[in-house]
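Residue numbers (UniProt numbering), protein chains in the order written: chain W, 1 to 195; chain Z, 1 to 195.
See below for the structure under consideration.
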DNA sequence: GTCTATAAGGAGATAGAC
DNA sequence: GTCTATCTCCTTATAGAC
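So this is what it looks like as structure tokens:
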């Protein structure tokens, strides 16, 4: 509860996310963000101690939520059903609120984000997700399939260019295609010992 | 035939591509490139009239080759066989010489490249390729599938983390998974008129 | 073809008033 | 919580000598 004036902090985050996604992190200066908000650069520094920290604040709780997802997946058996459920949860998360914009930002600024702590955290999480999605089948093809299912969810925004399509429809299509990819990932033997 | 000294121009391109991919276009200064080559910034400006132009030179002939690919696809019927052949040609191109690094650079610097002419050209071509890959089936799912096949080829570098795997194997796996995605794209009716 | 020197500008960040 | 003013640093790019 720190919003005494009207949530300037949140407005900064919103504008920053938009500009970072549109033009890239490096190409967006603090001056630009400030001007959009009709404040000065110095005002930004009251709310965030650096430019990096704006990105951190953007990524923070997303990272946490993905962690929870991975933890859940680990507690489940490495079956096809688990993988489907995991991806469904992930898609729900991605399509909720303005989550998508954060992922779009992430996808489009990968290189820069490598040198930002927020970026590294996100990378780790996505790698972790991909690993969970092919748990039980460590073949190269399975790894590729797992990665592509994530990308199916992410790319449903720009890859599908049909006009007037709703987010719900995008999600449905992404999951249908992803399911097919998941189906090609094998399950480990049910432990041989059956008599 | 301009290499009087030893292809400084080519050495600049090589180092620039490497650093751009590693750290991002914006984060890589001309000073840095020059230092790696043990020359001064001014020397770079003899070979390229601006930083952008280095990127242009990198992307130039790739764009042309993709154009040829698209032109070829247009001359073919929009069948599954054409799509498979198109993706095979594309994969051959991507895995030839040091092409992969250029695509990796492109994938990782999308946002920045939006404001560079070279970047826009590449974007158009990849969109064109995706369109050709789902020619004859304009359903949203088909568009997503087409996009994912391209990504399958591109991502086979980092998505497959099996050690000691060769490029040939990566390509093979990428195409296998991609084929499955292509199989879900429909073909137009063979023109009804059969008796 | 490569150098030294420098111009010109914008970036992130800080100090301290209000 | 936001301002003005300023610091420091590094960038792309150019001019002209060798």
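Note that beta-carbon positions come from the ideal geometry of N, C-alpha and C, so glycine has one too.
Keep in mind the model is a prediction, meaning the values are calculated, not measured.
Does any C-beta atom of chain W lie closer than 8 Å to the C-beta of residue 168 of chain Z? In the second chain, counting from the first residue as 1, residue 168 of chain Z sits at position 168. Taking Cβ atoms only, chain W never reaches closer than 8 Å to residue 168 of chain Z, which makes this a no.
Starting from the C-beta of residue 89 of chain Z, find all residues in its chain whose C-beta is less than 8 Å away, skip the five residues before and the five after it, and write them out in chain order. Taking the second chain and counting its residues from 1, one reaches residue 89 of chain Z at position 89. The residues are 69 and 72.
How would you label residue 138 of chain Z, buried or exposed, when you count the other beta carbons within 10 angstroms and need 16 or more for buried? One-based indexing of the second chain puts residue 138 of chain Z at position 138. Looking at its Cβ environment, which holds fewer than 16 other Cβ atoms inside 10 Å, residue 138 of chain Z is exposed.
Contacts of residue 155 of chain W in chain Z (Cβ-Cβ under 8 Å): Numbered from 1 along the first chain, position 155 holds the residue referred to as residue 155 of chain W. By Cβ distance, chain Z contributes 144, 147, 148 and 151.
For the stretch 88–121 of chain Z, enumerate the residues whose C-beta is nearer than 8 Å to any C-beta of chain W, in chain order. 107, 108, 109, 110, 111, 112, 114 and 115
Give the straight-line distance between the Cα atoms of residue 176 of chain Z and residue 77 of chain Z, rounded to the nearest whole angstrom. Translated into the one-based positions of the second chain, residue 176 of chain Z becomes position 176. Translated into the one-based positions of the second chain, residue 77 of chain Z becomes position 77. Approximately 22 Å, taken between the alpha carbons.
If you reduce the DSSP assignment to three classes, tell me which class residue 26 of chain W lands in. To locate residue 26 of chain W, count along the first chain from 1; it is residue 26. It is coil, neither helix nor strand.
Chain-ordered chain W contacts of residue 174 of chain Z [CB-CB under 7 Å]: Here residue 174 of chain Z corresponds to residue number 174 of the second chain, with the count starting at 1. Within 7 Å Cβ-Cβ: 144.
Under 8 Å, do residue 149 of chain W and residue 126 of chain W count as touching if we go by C-beta distance? Here residue 149 of chain W refers to the residue found at position 149 when the first chain is read from its first residue. Here residue 126 of chain W refers to the residue found at position 126 when the first chain is read from its first residue. No, these two residues do not count as a Cβ contact at 8 Å.
Whose C-beta lies closer than 6 Å to the C-beta of residue 54 of chain Z among residues of the same chain, with five residues either side of it excluded? On the second chain, position 54 is the one that residue 54 of chain Z refers to. Correct list, in chain order: 16 and 48.
Taking Cβ positions only, does residue 160 of chain W come closer than 8 Å to chain Z? Against the first chain, residue 160 of chain W aligns to sequence position 160. For residue 160 of chain W, the answer is yes, since a Cβ of chain Z falls inside 8 Å of its Cβ.
What number of angstroms, rounded off, separates the C-alpha of residue 2 of chain Z from the C-alpha of residue 59 of chain Z? Translated into positions along the second chain, residue 2 of chain Z becomes position 2. Translated into positions along the second chain, residue 59 of chain Z becomes position 59. Summary for residue 2 of chain Z: the model assigns pLDDT 45, below 50, so the residue's position carries little reliability, and this model does not support an answer.
Since I believe residue 187 of chain Z is in contact with residue 79 of chain Z (beta carbons under 8 Å), could you give me their beta-carbon distance rounded to a whole number of angstroms? Here residue 79 of chain Z refers to the residue found at position 79 when the second chain is read from its first residue. Here residue 187 of chain Z refers to the residue found at position 187 when the second chain is read from its first residue. That belief holds up - the Cβ atoms of residue 79 of chain Z and residue 187 of chain Z are roughly 6 Å apart, short of 8 Å.
For residue 111 of chain W and residue 22 of chain Z, the rounded distance between their alpha carbons: Position 22 of the second chain, counting from 1, holds the residue named residue 22 of chain Z. Position 111 of the first chain, counting from 1, holds the residue named residue 111 of chain W. One C-alpha to the other measures close to 7 Å.
Around the Cβ of residue 38 of chain Z, are there at least 16 other Cβ atoms within 10 angstroms (buried) or fewer (exposed)? Within the second chain, numbered from 1, the residue matching residue 38 of chain Z stands at position 38. Residue 38 of chain Z should be labelled exposed.
Which of helix, strand or coil DSSP assigns to residue 131 of chain Z: Translated into the one-based positions of the second chain, residue 131 of chain Z becomes position 131. Reduced to three states, the DSSP call for residue 131 of chain Z is helix.
Helix, strand or coil for residue 100 of chain Z per DSSP? Position 100 of the second chain, counting from 1, holds the residue named residue 100 of chain Z. Here residue 100 of chain Z sits in helix by DSSP.
Between the C-alpha atoms of residue 195 of chain Z and residue 189 of chain Z, what's the straight-line distance to the nearest angstrom? The residue given as residue 195 of chain Z occupies position 195 in the second chain. The residue given as residue 189 of chain Z occupies position 189 in the second chain. Caution is warranted here: a pLDDT of 49 is assigned to residue 195 of chain Z, below 50, making its placement in the model unreliable, and the coordinate value is therefore given only provisionally. Distance between the alpha carbons of residue 195 of chain Z and residue 189 of chain Z: 14 Å.
Closer than 7 Å at the beta carbon, the chain W residues around residue 141 of chain Z: Counted from its first residue, the second chain places residue 141 of chain Z at position 141. The contacting residues are 173, 176 and 177.
To test your reading of the DSSP string, which unbroken alpha helix (DSSP H) runs of 4 or more residues are found completely within the stretch 40–76 of chain Z? 41–47 and 51–74
Among residues of its own chain, excluding the 5 on either side of residue 119 of chain W, which ones have a beta-carbon nearer than 6 Å to its beta-carbon? Stepping through the first chain from its first residue, residue 119 of chain W is reached at position 119. For residue 119 of chain W, where only same-chain residues beyond five positions count, the Cβ hits under 6 Å are 113.
Just checking: is the beta-carbon of residue 32 of chain W within a distance shorter than 8 Å of some beta-carbon in chain Z? By one-based count along the first chain, residue 32 of chain W stands at place 32. Taking Cβ atoms only, chain Z never reaches closer than 8 Å to residue 32 of chain W, which makes this a no.
Within the 8 Å Cβ cut-off, does residue 7 of chain W reach chain Z? On the first chain, residue 7 of chain W is found 7 positions in, with the first residue counted as 1. Not an interface residue.
Assumed close pair residue 152 of chain Z, residue 144 of chain W - CB separation to whole angstroms, cut-off 8 Å: Along the second chain, one-based indexing puts residue 152 of chain Z at 152. Along the first chain, one-based indexing puts residue 144 of chain W at 144. So it is a contact: roughly 7 Å between Cβ atoms.
Check whether the Cβ of residue 23 of chain W lies closer than 8 Å to any Cβ atom in chain Z. Within the first chain, the letter at position 23 stands for residue 23 of chain W. It does; some Cβ of chain Z falls within 8 Å.
From the beta carbon of residue 19 of chain Z, is the nearest beta carbon of chain W less than 8 Å away? Counted from its first residue, the second chain places residue 19 of chain Z at position 19. Not one chain W Cβ lies under 8 Å of residue 19 of chain Z.
Per-residue DSSP class, three states only, for residue 165 of chain Z: The residue labelled residue 165 of chain Z in the question sits at position 165 within the second chain. Looking at residue 165 of chain Z - three-state DSSP - the assignment turns out to be coil, as it is neither helix nor strand.
Might you give, ordered along the chain, the residues of its own chain that have their beta carbon closer than 8 Å to the beta carbon of residue 18 of chain Z, omitting 5 neighbours on each side? By one-based count along the second chain, residue 18 of chain Z stands at place 18. Once the five neighbours on either side are set aside, the close Cβ partners of residue 18 of chain Z are 101.
Identify which residue in Z:24, Z:25 and Z:33 has its Cα closest to the Cα of residue 10 of chain Z. Translated into the one-based positions of the second chain, residue 10 of chain Z becomes position 10. Nearest option by C-alpha distance: Z:33.
For residue 15 of chain Z, which of helix, strand or coil comes out of DSSP? Stepping through the second chain from its first residue, residue 15 of chain Z is reached at position 15. If DSSP states are grouped into helix, strand and coil, residue 15 of chain Z belongs with the helices.
Chain W contact for residue 124 of chain Z (CB, 8 Å cutoff): If you number the second chain from 1, residue 124 of chain Z lands on position 124. It does not; no Cβ of chain W falls within 8 Å.
Distance, Cα to Cα, residue 81 of chain W vs residue 136 of chain W? Taking the first chain and counting its residues from 1, one reaches residue 81 of chain W at position 81. Taking the first chain and counting its residues from 1, one reaches residue 136 of chain W at position 136. Each residue's Cα considered, the two are about 12 Å apart.
What does the Cβ neighbour count give for residue 142 of chain Z, buried or exposed, with the cut at 16 atoms within 10 Å? Taking the first residue of the second chain as position 1, residue 142 of chain Z is located at position 142. By the neighbour-count rule (16 or more Cβ atoms within 10 Å), residue 142 of chain Z is buried.
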